[in-house]
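Counted the way our numbering counts, the sequence shown spans residues -19 to 154.
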Amino acid sequence: MGVAPTHMGLGRYAAWLSLALGLVVLDLWTKQLASTELDLYRAQPITSWLNLTLAHNSGAAFSFLADAGGWQRWFLSGAAVVIMAILLVWLKRLPQKARLLPAAIALVLSGALGNLIDRVRWGYVVDFIDVHVAGYHWPAFNVADSAIVVGVVLILIEGFVPQSKGSGSSPNTP
């Protein structure tokens, strides 16, 4: 009788990494489309609450550090590399049966990589989704940002929702 592996096997690890890679490809493709089809900072209305607006964000979320003078490009890139390394180790150490947490980690990993590629390549992240309601505009974002937000929400759900003893969802830490 064999002993079941306690950590994620190579096949499942590769499957989650494939999901992340697919989302990176989608993110980069949509950013390329936005960059070639939209004019910088000129809104193209789609619905009463959604525009496509090409924006270049040299900072972090909500343009934090955007006007910092350039050092933030490499600081944020380095932080992304460290975060991705932690996520890769965390993903590899998850139990075989884990489902929600590896999906969440793959989402965050894909978003971090998609935005890292932009930051290293261009010095800024390409954003283009502009949601607005009653005159209030959410800061422009992209597919990578969406993946990060959904992934973090799933990680929080995983952390706060009690798990049954046989669910195979722990450990919840890297």
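Just so you know, even glycine gets a beta-carbon here, dropped at the ideal spot from N, CA and C. None of these values were measured; they are calculated from a predicted model.
Pairing CB atoms from the region 103 to 121 with CB atoms from the region 71 to 79, are three or more of them under 8 Å? no
Tell me whether ALA92 sits in a helix, a strand or coil according to DSSP, three-state version. Walking along the sequence shown from the start, residue 92 turns up at place 112. Three-state DSSP puts ALA92 in a helix.
Hey, quick one: how far does the beta strand (DSSP E) through PHE26 stretch, first residue to last? Taking the first residue of the sequence shown as 1, we reach residue 26 at position 46. Checking the displayed sequence, the identity of residue 26 turns out to be Ile instead of Phe. Looking at the DSSP string, ILE26 is not in any beta strand (DSSP E), and its letter there is neither H nor E.
So, are the CB atoms of ASN156 and THR10 less than 9 Å apart? The shown model of the chain, from -19 to 154, leaves out residue 156, and the question about it has no answer.
Would you tell me roughly how many angstroms separate the C-alpha atoms of ALA65 and PRO119, rounded to the nearest one? Translated into the one-based positions of the sequence shown, residue 65 becomes position 85. Translated into the one-based positions of the sequence shown, residue 119 becomes position 139. Going from the Cα of ALA65 to the Cα of PRO119 covers about 28 Å.
Out of ASP98, LEU30 and VAL132, point me to the one whose CA is closest to GLY115's CA. By 1-based counting over the sequence shown, the position of residue 115 is 135. Per the Cα distances, LEU30.
Pick out whichever of PHE140, ILE85 and ASP125 has its Cα sitting closest to the Cα of SER(-2). In the sequence shown, the residue the question calls residue -2 occupies position 18. Ranking PHE140, ILE85 and ASP125 by Cα distance to SER(-2) puts ILE85 first.
Give every residue of the same chain whose Cβ lies closer than 7 Å to the Cβ of SER15, excluding the five residues on either side of it in the sequence, and list them in chain order. For the purposes of this step, residue 15 is taken as residue 35 along the sequence shown, with counting starting at 1. Excluding positions up to five away in sequence, the list reads LEU34 and VAL106.
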